[in-house]
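Each remark here refers to the structure printed beneath this line.
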Amino acid sequence: DQQVKQNSPSLSVQEGRISILNCDYTNSMFDYFLWYKKYPAEGPTFLISISSIKDKNEDGRFTVFLNKSAKHLSLHIVPSQPGDSAVYFCAASGLGTGTASKLTFGTGTRLQVTL
Amino acid sequence: DGGITQSPKYLFRKEGQNVTLSCEQNLNHDAMYWYRQDPGQGLRLIYYSQIVNDFQKGDIAEGYSVSREKKESFPLTVTSAQKNPTAFYLCASGDRSYEQYFGPGTRLTVT
Chain A
3 DQQVKQNSPS LSVQEGRISI LNCDYTNSMF DYFLWYKKYP AEGPTFLISI
53 SSIKDKNEDG RFTVFLNKSA KHLSLHIVPS QPGDSAVYFC AASGLGTGTA
103 SKLTFGTGTR LQVTL
Chain B
36 DGGITQSPKY LFRKEGQNVT LSCEQNLNHD AMYWYRQDPG QGLRLIYYSQ
86 IVNDFQKGDI AEGYSVSREK KESFPLTVTS AQKNPTAFYL CASGDRSYEQ
136 YFGPGTRLTV T
C-alpha cells in the first residue's frame with residue numbers, strides 16, 4: 003500500500019522554465035513533508051520541507067505547496083537549471099517533534115532540464 | 036568534516052553468503068536508518084534505531100539484521116535468507132527534527 007505517491011515517473015522541462023513536481027498522500031496522520039534530490043549512485047540530499055500547519059514554504063528557487071484537503075503537495079522550481087536534473091523524492095512523516103522521525107518515501111520523479 | 040560514510044561503494048557476493056554493510060556517522064545523531072532502493076520503488080525502510088542498543092524493524096526487515104552498539108555505527112547484515120538482496124542500500128541519520136541525512140550508498144550485487 004503506497005501511502006506516498008508520485009504518479010509522474012519523469013518530467014522534461016526547458017531551462018529557464020518552471021518545473022512542477024507533484025506528490026499525493028493517503029495517510030491523514032502525516033504532518034510533515036520533505037523533498038529530497040538524488041543524483042545517480044549517490045545518497046539523497048534534503049531540499050525543502052513543509053509542516054502541515056503551513057500551505058507554502060519558499061527557499062530561493064524552490065517552493066513547496068501543501069493542500070491538506072486534497073492530500074497533495076507540489077514542488078516548484080523556478081527557473082529550472084540543467085543542474086536540477088535529478089530524481090526528486092517526496093517524503094512524509096507522521097511523528098511529532100521530540101522523537102526520531104520515520105519517513106515514508108514516494109517512488110520518485112526523474113526531472114530532466116534541457117537546454 | 037561532519038557526515039555519514041558507507042563502505043564499500045560497490046560490493047559483490049555469491050548467493051548464500053552473508054554480507055555486512057558499514058555505516059558510520061559523526062554528526063552526533065541519535066537516530067540511524069537503513070533503506071533499500073530498487074528501480075521504480077523509491078526508498079523502503081529496512082531497520083531504524085532511535086538510540087544505542089535499540090532498533091526496530093522497518094517495512095522490509097525480513098532477511099536483514101542490524102546492531103547498534105555505538106552511537107556512531109549502525110551496520111546492516113544482509114543474510115542468505117534475503118530473497119532479492121541485489122539493490123542500492125542507503126544509510127541515514129537524524130536528530131530530533133524530521134530531516135534525515137544520507138550517506139553515499141552501497142550497491143550490493145549478489146550472483
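Residue numbers (the working numbering), protein chains in the order written: chain A, 3 to 117; chain B, 36 to 146.
Cβ coordinates follow ideal geometry from the N, Cα and C atoms, glycine included.
How should residue 40 of chain A be labelled, buried or exposed, when 16 other C-beta atoms within 10 angstroms of its C-beta is the threshold for buried? Per the 10 Å Cβ criterion, buried.
Measure the beta-carbon distance from residue 95 of chain A to residue 32 of chain A and round it to whole angstroms, keeping in mind my assumption that it falls under 8 Å. Correct: roughly 7 Å between the Cβ atoms.
Pair within 7 Å by beta-carbon distance, residue 79 of chain A and residue 64 of chain A: In this structure, the beta-carbon distance from residue 79 of chain A to residue 64 of chain A falls below 7 Å.
Counting only C-beta atoms, is residue 139 of chain B closer than 7 Å to chain A at any point? For residue 139 of chain B, at least one C-beta of chain A is nearer than 7 Å to its own C-beta.
Taking C-beta to C-beta, are residue 123 of chain B and residue 67 of chain B nearer than 7 Å? The answer is no: Cβ separation not under 7 Å.
Under a three-way DSSP split, which group does residue 138 of chain B fall into? Here residue 138 of chain B sits in coil by DSSP.
Amino acids of chain B, ordered along the chain, whose beta-carbon sits closer than 7 Å to that of residue 104 of chain A: Ordered by position in chain B, the residues that pass the 7 Å Cβ test against residue 104 of chain A are 80 and 83.
Just how far apart, CA to CA, sit residue 54 of chain A and residue 102 of chain B? Each residue's Cα considered, the two are about 34 Å apart.
Residue 91 of chain B, buried or exposed, once every other Cβ within 10 Å from all chains shown has been counted against 16: Around the CB of residue 91 of chain B, fewer than 16 other CB atoms lie within 10 Å, so the residue is classed as exposed.
What residues from chain A crowd round residue 77 of chain B, counting only those whose CB sits closer than 7 Å? Neighbours of residue 77 of chain B on chain A, chain order: 91, 107, 108, 109 and 110.
May I ask you to report which of helix, strand or coil DSSP gives residue 85 of chain A? DSSP places residue 85 of chain A in helix when its eight states are reduced to three.
What does residue 51 of chain B touch in chain A if you count any residue whose Cβ is under 9 Å from its own? What residue 51 of chain B touches in chain A: nothing, since even the nearest Cβ is about 27 Å away.
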